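**Q** Residue numbers (the UniProt record's numbering): 569 to 822.
Beta carbons are placed, not taken as given, at the ideal position from N, Cα and C, and that holds for glycine.
All of these numbers come straight from a predicted model, not from anything done at the bench.
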Amino acid sequence: IFFKTSLQQAIDKDEFHLNYQPQIRLHDNALIGMEVLIRWNHPSEGNIPPGKFIPFAEESNLIIQIGEWVLRTACFQAKKWLDSGIEFGRIAVNVAGPQIKRGNLVDTIKTVLAETGLPARYLEIEVTESYVMQDADRAVEQLNEIKALGITLAIDDFGTGYSSLSYLKKLPIHKLKIDGSFIRDIPVDTDDMAISKAVIALGASLGLTVIAEGVETAEQARFLSHAGCDEVQGYLYSRPIDTGAIEQYLTEPK
Ligand code: G
Ligand code: G
Ligand code: MN
Ligand code: NA
């Protein structure tokens, strides 16, 4: 109850803001995009991490409103960068299960793109493996429509859910995102190294781009590069940073 009322207030009182985390292509270090991550600055509690409030937002369906706010704010910002000639690749926005199951995600995306004027090719949507598998038929239907708009689709947290490989073949996706839990203990954990390599090979053979998240060390990046991983994201390159800091990152000479 506490969370429900204060989450509603957070929407009304503009207590959310967005951070951005760069995503880098390994073979030439080019910036290919940025993941959009919500932050909540609570008036008395301070910063509440999304891991603490997103689950409540999902249960109460407030995630549908919050998710729409994230999408609109990120697309609006991206259009501003586009108009100023600031290159950012794409913005990758996380989408939660209820947005697919109960919200009308496809219409929301169409509306937001029309309102902000952001061309669809600058938008990527991340859906988690577990959401997709909960209601795979509906997910496939909606993802097909989203893909048809020209949006890039990524499966987030890949490897942590009970993904069915036969569904992976049917899903209209472009990208697999290897969960950070498989990257964290590289090079100490040889099982994680074997899993990461296998996911990279699986992605390659299905014609998918593979991105690894949670990359913190140069050694992890080297391992992933040798294994044929396409893209990386993690503290090694940049933490998630606010709009001012990402603008500085995007405009500084490389
Ligand atoms: O960086 P981090 O603490 O931001 O994120 C923790 C978790 O919260 C991740 O699983 C991430 O996907 C999720 N998350 C962050 N921002 C959003 C968002 O805008 N929407 C949804 N649905 N999840 C988000
Ligand atoms: O949506 P997703 O579950 O993929 O969210 C990514 C989460 O990982 C966010 O909480 C983000 O802040 C966090 N993160 C991003 N880079 C790193 C990293 O290099 N190390 C760790 N431990 N966490 C990271
Ligand atoms: Mn994500
Ligand atoms: Na993840």
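Do Asn629 and Leu605 come within 8 Å of each other at the CB atom, strictly closer than that value?
**A** Not in contact: Leu605 and Asn629 (Cβ atoms no closer than 8 Å).
**Q** What separation, rounded to the nearest whole angstrom, lies between the Cα atoms of Phe750 and Ala780?
**A** Each residue's Cα considered, the two are about 9 Å apart.
**Q** Would you say Ala682 and Gln591 are within 8 Å of each other, going by their C-beta atoms?
**A** No, Cβ-Cβ distance for Ala682 and Gln591 is not below 8 Å.
**Q** Is Asn662 close to ligand 3? I mean its beta-carbon at under 7 Å from any heavy atom of the ligand.
**A** Yes, the Cβ of Asn662 comes within 7 Å of a heavy atom of ligand 3.
**Q** Determine the direct distance from the alpha carbon of Val778 to that of Ala772, and round the result to whole angstroms.
**A** About 8 Å.
**Q** Tell me where the alpha helix (DSSP H) around Val674 begins and ends.
**A** That run of the alpha helix (DSSP H) goes Leu673 to Thr684.
**Q** Quick one, which of Ile741, Ile677 and Trp649 has its alpha-carbon nearest Leu776's?
**A** Cα-wise, what sits closest to Leu776 is Ile741.
**Q** Ile632 and Gln667 - do their beta-carbons sit closer together than 8 Å?
**A** Against a cut-off of 8 Å, the Cβ pair of Ile632 and Gln667 comes out as a contact.
**Q** Just the Cα atoms here: how many angstroms apart are Gly653 and Pro687?
**A** Taking the straight line joining both Cα atoms gives about 14 Å.
**Q** Helix, strand or coil for Asn712? Go by DSSP, reduced to three states.
**A** Helix, per DSSP.
**Q** Give the range of the alpha helix (DSSP H) segment to which Gly812 is assigned.
**A** Element bounds for Gly812: Thr811 to Thr819.
**Q** Can you determine whether any heavy atom of ligand 1 sits closer than 7 Å to the C-beta of Pro808, and answer yes or no?
**A** At least one heavy atom of ligand 1 is nearer than 7 Å to the Cβ of Pro808, so yes.
**Q** Output the residue ranges of the beta strand (DSSP E) runs that lie fully inside the region 571 to 596 and measure 3 residues or longer, sorted by chain position.
**A** DSSP runs (the beta strand (DSSP E)) wholly in the region 571 to 596: 584 to 593.
**Q** When you compare only the Cα positions, how much space is there between Thr819 and Leu594?
**A** Between Thr819 and Leu594, the C-alpha separation is close to 20 Å.
**Q** Do Gly601 and Glu692 count as a contact pair if the criterion is CB distance below 8 Å?
**A** Cβ distance < 8 Å, so Glu692 and Gly601 count as in contact.
**Q** Just checking Asp724 against ligand 3 - is the residue's beta carbon closer than 7 Å to any of the ligand's heavy atoms?
**A** Result yes, Cβ under 7 Å from ligand 3.
**Q** How many angstroms separate the CA atom of Ala762 from the CA atom of Asp753?
**A** Distance between the alpha carbons of Ala762 and Asp753 is about 12 Å.
**Q** Report yes if the C-beta of Val767 is less than 7 Å from at least one heavy atom of ligand 6; otherwise report no.
**A** Judged by which ligands are present, ligand 6 is missing from the structure shown, whose ligands are ligand 1, ligand 2, ligand 3 and ligand 4.
**Q** Could you say if the region 796 to 806 and the region 607 to 614 meet the contact criterion of at least three C-beta pairs nearer than 8 Å?
**A** No: the two stretches stay apart, fewer than three of their Cβ pairs being nearer than 8 Å.
**Q** When DSSP labels each residue in this structure, what does Ala795 get in the three-state scheme?
**A** Here Ala795 sits in helix by DSSP.
**Q** Under the rule that 16 or more other beta-carbon atoms within 10 Å means buried, what is Gly685, buried or exposed?
**A** Under this definition Gly685 is an exposed residue.
**Q** Indicate the three-state DSSP secondary structure (helix, strand or coil) for Glu697 in the structure shown.
**A** In the structure shown, Glu697 sits in a helix (DSSP, three-state: H, G or I).
**Q** What is the residue span of the alpha helix (DSSP H) that Val604 lies within?
**A** Premise fails: Val604 lies in the beta strand (DSSP E), Leu599 to His610, not in any alpha helix (DSSP H).
**Q** Determine the DSSP secondary structure at Ala780, reduced to helix, strand or coil.
**A** Strand.
**Q** Could you give the residue range of the beta strand (DSSP E) that holds Thr720?
**A** From DSSP, the beta strand (DSSP E) with Thr720 extends over Thr720 to Phe726.
**Q** Taking Cβ positions, are Lys669 and Arg706 nearer each other than 8 Å?
**A** Yes. Within cutoff.
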